[in-house]
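A.B. asks: Handing you a structure now.
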């Protein structure tokens with residue numbers, strides 16, 4: 070009797086493991102189906118023109134997501150651009166200059182704190198510090214000066230991206246084969262020459278994977294951006310103008326959306342966001358996999 | 043010939059110095075940003091931390107004072123329910139991944155987990171809205187917990203897998219050779235050996251979701267009252283910060299600073315716990 074129970078117990082356990090694993094694997098597919106089905110009314114009503122429609126006017130039942138797509142892409146790339154020099158420098162500092170020691174511990178912990186701060190706190194902090202600074206600059210340039218807008222959101226977002234790119238890039242940089250570096254030093258290279266001609270080129274795929282993953286994060290970042298971007302559903306004219314990103318328009322309008330088409334248009338934006346971030350993450354993962362094979 | 047060479051060498055060395063100075067400057071500015079953020083948090087937050095913040099519910103607009111007791115209770119409730127849902131699932135998937143290495147299916151599962159980690163939290167909020175909030179017709183703490191549980195899964199799965207892979211095969215084989223079933227072996231040999239890593243994964247997951255707002259916006263929603271019932275909408279600390287930060291009232295901003303400080307200190311403490319665990323309980327054989 071007891072033996073039979075043991076066998077049964079074991080069987081249930083094995084089945085359970087495969088069940089939850091398969092469930093996890095098809096979770097993404099279920100997500101995709103859920104989003105597609107719920108945004109079907111919008112897909113039918115708005116048609117393909119939704120993707121490049123320039124006006125977002127829920128009152129007139131006119132939905133186009135180009136302003137949000139533009140806002141998302143500009144904000145993400147701008148923040149990535151701002152963060153690149155800092156994250157490469159920090160990764161070189163931690164991976165090449167000081168791989169061990171007290172200074173490294175301080176810097177590494179500091180960067181981990183950057184990763185620990187919740188996005189909504191970044192937004193709130195940015196509203197108090199970065200937004201007034203940008204506002205002052207706008208006044209000097211004789212522009213309307215709300216302080217909030219694409220630039221403000223991008224600056225704060227760039228701070229949030231640093232820990233993500235640094236942690237991956239530091240790892241690949243510190244794994245550069247010592248023989249390569251020593252060969253370059255033996256030929257009389259200086260450290261900066263070793264870095265720019267050996268370390269960076271040989272780790273180019275790891276570094277780009279770091280940026281891809283940060284880009285994926287920047288695209289989907291919601292709360293900080295919602296607080297700082299100024300919330301305007303129009304095509305941004307320059308980097309100072311208030312805008313909307315795909316994530317922040319969902320965050321702001323979802324609970325207030327009246328009518329099926331309005332709500333499902335917002336879900337359709339979510340579907341696009343899902344597709345874009347999934348592709349970017351798959352690409353990043355592919356690059357990382359390539360690195361681990363080549364090592 | 044000679045002097046020219048020396049000049050070239052000097053130039054290259056100068057270049058090298060400038061380069062490392064540049065690296066130093068940029069890295070130090072990262073450190074500076076961290077310091078500025080923490081400085082602001084403490085400067086603005088410490089003055090709003092008082093007993094009322096922890097013991098009172100929010101007051102209506104116009105009245106001064108009030109606290110975030112409801113949000114603290116709400117955060118703890120939503121996060122604990124999420125942890126109760128996510129930990130068994132995540133650990134199970136982690137076991138599966140560690141035990142079935144090298145198969146095609148396992149590789150695909152690992153990719154799926156990575157992609158899941160990268161999905162924007164707001165999208166998960168929408169999905170849970172469609173799944174739970176819309177059919178039941180109301181916002182609830184429970185639906186928020188499910189959204190957060192999905193976000194907790196990837197770190198738990200990854201950490202479980204990474205620790206369990208380190209457990210020596212010989213240990214498992216010894217147990218199986220003694221006639222213990224696969225289930226017993228996993229429960230009594232494999233899991234206890236990797237407990238430290240699994241625990242770390244769970245705390246990483248909790249640290250990840252504790253500050254999240256986006257998936258809660260249309261699930262747990264928000265509620266100015268003190269609620270212990272997971273079927274009702276609740277406030278959480280980050281949600282309160284978001285609402286108060288986007289309000290025009292100074293008094294509310296003050297409370298938001300206090301909430302931010304509490305939140306950040308708590309998450310940094312969680313990270314410290316993770317560090318200690320990683321050092322102490324690393325699997326070593």
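Residue numbers (our numbering), protein chains in the order written: chain A, 70 to 364; chain B, 43 to 327.
Cβ atoms here follow ideal geometry from the backbone N, Cα and C, with glycine treated the same way.
What separation, rounded to the nearest whole angstrom, lies between the Cα atoms of residue 101 of chain A and residue 340 of chain A?
C.D. replies: For the purposes of this step, residue 101 of chain A is taken as the residue at position 32 of the first chain. For the purposes of this step, residue 340 of chain A is taken as the residue at position 271 of the first chain. Their Cα atoms are separated by approximately 7 Å.
A.B. asks: Between residue 47 of chain A and residue 164 of chain A, is the Cβ-Cβ spacing less than 9 Å?
C.D. replies: Residue 47 of chain A is absent from the structure shown; chain A starts at 70 and stops at 364.
A.B. asks: What would DSSP say about residue 58 of chain B, mapped onto helix, strand or coil?
C.D. replies: In the second chain, counting from the first residue as 1, residue 58 of chain B sits at position 16. Of the three classes helix, strand and coil, the one that applies to residue 58 of chain B here is helix, per DSSP.
A.B. asks: Could you check what DSSP says for residue 109 of chain B in three-state terms: helix, strand or coil?
C.D. replies: Position 67 of the second chain holds residue 109 of chain B. Of the three classes helix, strand and coil, the one that applies to residue 109 of chain B here is coil, per DSSP.
A.B. asks: Exposed or buried, what is residue 93 of chain A when buried is set at 16 or more other beta-carbons lying within 10 Å of its beta-carbon?
C.D. replies: If you number the first chain from 1, residue 93 of chain A lands on position 24. Looking at its Cβ environment, which holds 16 or more other Cβ atoms inside 10 Å, residue 93 of chain A is buried.
A.B. asks: Under three-state DSSP, which class holds residue 348 of chain A?
C.D. replies: The residue labelled residue 348 of chain A in the question sits at position 279 within the first chain. Helix, per DSSP.
A.B. asks: Count the CB pairs spanning the segment 233-245 of chain A and the segment 273-286 of chain A that are closer than 8 Å, and state whether there are at least three.
C.D. replies: yes
A.B. asks: Relative to the C-alpha of residue 187 of chain B, which residue among B:107, B:78, B:143, B:126 is closest?
C.D. replies: As a first step, residue 187 of chain B is located in the second chain; it is residue number 145 there, counting from the start. Per the C-alpha coordinates, the member of B:107, B:78, B:143, B:126 positioned closest to residue 187 of chain B is B:126.
A.B. asks: Using beta carbons (cut-off 9 Å, strictly below), is residue 280 of chain B in contact with chain A?
C.D. replies: For this step, residue 280 of chain B is matched to residue 238 along the second chain. Yes - at least one Cβ of chain A is within 9 Å of the one on residue 280 of chain B.
A.B. asks: Within its chain, find whatever has a CB closer than 6 Å to the CB of residue 269 of chain B; leave out the 5 residues flanking it on each side and keep chain order.
C.D. replies: The residue you call residue 269 of chain B lines up with position 227 of the second chain. Closer than 6 Å at Cβ, skipping near neighbours: 276.
A.B. asks: Measuring only the C-alpha atoms, how far is residue 169 of chain B from residue 285 of chain B?
C.D. replies: On the second chain, position 127 is the one that residue 169 of chain B refers to. On the second chain, position 243 is the one that residue 285 of chain B refers to. Using only the alpha carbons, I get a separation of about 22 Å.
A.B. asks: Does DSSP classify residue 126 of chain A as helix, strand or coil?
C.D. replies: Locating residue 126 of chain A in the first chain gives position 57, counting from the first residue. Residue state, collapsed to three classes: strand.
A.B. asks: Quick one: is residue 205 of chain B near chain A, going by C-beta distance under 9 Å?
C.D. replies: Sequence index remark: in the second chain, residue 205 of chain B carries index 163 (1-based). Chain A, which has no Cβ nearer than 9 Å to the Cβ of residue 205 of chain B, makes this no.
A.B. asks: Rounding to the nearest angstrom, what Cα-Cα distance links residue 16 of chain B and residue 113 of chain B in this structure?
C.D. replies: This structure leaves residue 16 of chain B out entirely; chain B is present only between 43 and 327.
A.B. asks: Can you tell me where the alpha helix (DSSP H) holding residue 211 of chain A begins and where it ends?
C.D. replies: In the first chain, the residue the question calls residue 211 of chain A occupies position 142. It is not in any alpha helix (DSSP H) - residue 211 of chain A carries neither H nor E in the DSSP assignment.
A.B. asks: Measure from the C-beta of residue 143 of chain B to each C-beta in chain A and report whether the shortest distance is under 9 Å.
C.D. replies: Counting from one through the second chain, the residue named residue 143 of chain B turns up at place 101. So, not an interface residue.
A.B. asks: Is the Cβ-Cβ distance between residue 114 of chain A and residue 137 of chain A less than 9 Å?
C.D. replies: By 1-based counting over the first chain, the position of residue 114 of chain A is 45. By 1-based counting over the first chain, the position of residue 137 of chain A is 68. Not a contact, by the Cβ cut-off of 9 Å.
A.B. asks: What residues of chain A sit near residue 162 of chain B, judged by a beta carbon separation below 8 Å?
C.D. replies: Mapped onto the second chain, residue 162 of chain B falls at position 120. What residue 162 of chain B touches in chain A: 288, 289, 290, 291, 316, 342, 343, 346.
A.B. asks: For residue 131 of chain A, write down the residues that DSSP places opposite it in a beta bridge.
C.D. replies: Position 62 of the first chain, counted from the first residue, corresponds to residue 131 of chain A. Answer is A:126.
A.B. asks: Quick check: the Cα distance between residue 117 of chain B and residue 252 of chain B, rounded to an integer number of angstroms?
C.D. replies: The sequence position of residue 117 of chain B within the second chain is 75, counting from 1. The sequence position of residue 252 of chain B within the second chain is 210, counting from 1. C-alpha separation (whole angstroms): 7 Å.
A.B. asks: Between the C-alpha atoms of residue 97 of chain B and residue 264 of chain B, what's the straight-line distance to the nearest angstrom?
C.D. replies: Within the second chain, residue 97 of chain B is the residue found at index 55, counting from 1. Within the second chain, residue 264 of chain B is the residue found at index 222, counting from 1. Cα-Cα distance, rounded: 18 Å.
A.B. asks: Drop a sphere of 10 angstroms on the beta-carbon of residue 260 of chain B, count the other beta-carbons inside from all chains shown, and report buried for 16 or more, exposed for fewer.
C.D. replies: The residue labelled residue 260 of chain B in the question sits at position 218 within the second chain. Buried, because 16 or more other Cβ atoms sit within 10 Å of the Cβ of residue 260 of chain B.
A.B. asks: So with CB distances below 8 Å, who are the chain A contacts of residue 173 of chain B?
C.D. replies: Translated into the one-based positions of the second chain, residue 173 of chain B becomes position 131. Within 8 Å Cβ-Cβ: 103.
A.B. asks: Taking the alpha helix (DSSP H) that residue 185 of chain A falls in, what are its first and last residues?
C.D. replies: Counting from 1 along the first chain, the entry for residue 185 of chain A is found at position 116. That run of the alpha helix (DSSP H) goes 171-185.
A.B. asks: Please list, in chain order, the residues of the segment 171-203 of chain A that have any C-beta partner in chain B closer than 9 Å.
C.D. replies: Residues passing the 9 Å Cβ filter: 175, 176, 178, 179, 180, 181, 182, 183, 184, 185, 186, 187, 188, 189, 190, 191, 192, 193, 194, 196, 197, 198.
A.B. asks: Select from A:153, A:217, A:128, A:170 the residue whose C-alpha is nearest the C-alpha of residue 310 of chain A.
C.D. replies: To locate residue 310 of chain A, count along the first chain from 1; it is residue 241. Ranking A:153, A:217, A:128, A:170 by Cα distance to residue 310 of chain A puts A:217 first.
A.B. asks: Would residue 67 of chain B be called buried (16 or more neighbouring beta carbons within 10 Å of its own) or exposed?
C.D. replies: Reading the second chain from its first residue, position 25 is the one you call residue 67 of chain B. Residue 67 of chain B is exposed by the Cβ-count criterion.
A.B. asks: When the Cβ atoms of the segment 242-254 of chain A are set against those of the segment 108-126 of chain A, are three or more pairs found closer than 8 Å?
C.D. replies: no
A.B. asks: Checking contacts by CB at 9 Å: is residue 291 of chain B closer than that to chain A?
C.D. replies: In the second chain, counting from the first residue as 1, residue 291 of chain B sits at position 249. No - not a single Cβ of chain A is within 9 Å of the one on residue 291 of chain B.
A.B. asks: I'd like to know if the segment 329-349 of chain A and the segment 297-305 of chain A are in contact, where contact means that at least 3 CB-CB pairs between them fall below 8 Å.
C.D. replies: No: the two stretches stay apart, fewer than three of their Cβ pairs being nearer than 8 Å.
A.B. asks: Helix, strand or coil, according to DSSP, for residue 299 of chain A in the structure here?
C.D. replies: Counted from its first residue, the first chain places residue 299 of chain A at position 230. Three-state DSSP puts residue 299 of chain A in a strand.
A.B. asks: Quick check: the Cα distance between residue 43 of chain B and residue 228 of chain A, rounded to an integer number of angstroms?
C.D. replies: Your numbering for residue 43 of chain B matches position 1 in the second chain. Your numbering for residue 228 of chain A matches position 159 in the first chain. Residue placement at residue 43 of chain B cannot be trusted, given a pLDDT of 48 that sits under 50; the coordinates are not used to answer.
A.B. asks: Within 9 Å (strictly less), CB to CB, does residue 43 of chain B reach chain A?
C.D. replies: Position 1 of the second chain holds residue 43 of chain B. The predicted model places residue 43 of chain B with a pLDDT of 48, which falls under 50 and marks its position as unreliable; any figure quoted below should be read in that light. Taking Cβ atoms only, chain A never reaches closer than 9 Å to residue 43 of chain B, which makes this a no.
A.B. asks: Relative to the alpha-carbon of residue 225 of chain B, which residue among B:134, B:242, B:172, B:175 has its alpha-carbon at the smallest distance?
C.D. replies: Locating residue 225 of chain B in the second chain gives position 183, counting from the first residue. When each option's Cα is compared against that of residue 225 of chain B, the closest is B:134.
A.B. asks: Once DSSP output is grouped into helix, strand and coil, what is the label at residue 43 of chain B?
C.D. replies: As a working note, residue 43 of chain B is residue 1 in the second chain. Because the pLDDT at residue 43 of chain B is just 48, under 50, the model does not fix this residue reliably, and the value given afterwards should be weighed accordingly. If DSSP states are grouped into helix, strand and coil, residue 43 of chain B belongs with coil.
A.B. asks: According to DSSP, which residues form a beta bridge with residue 312 of chain A?
C.D. replies: As a working mapping, residue 312 of chain A is identified with position 243 in the first chain. BP columns for residue 312 of chain A point to A:299.
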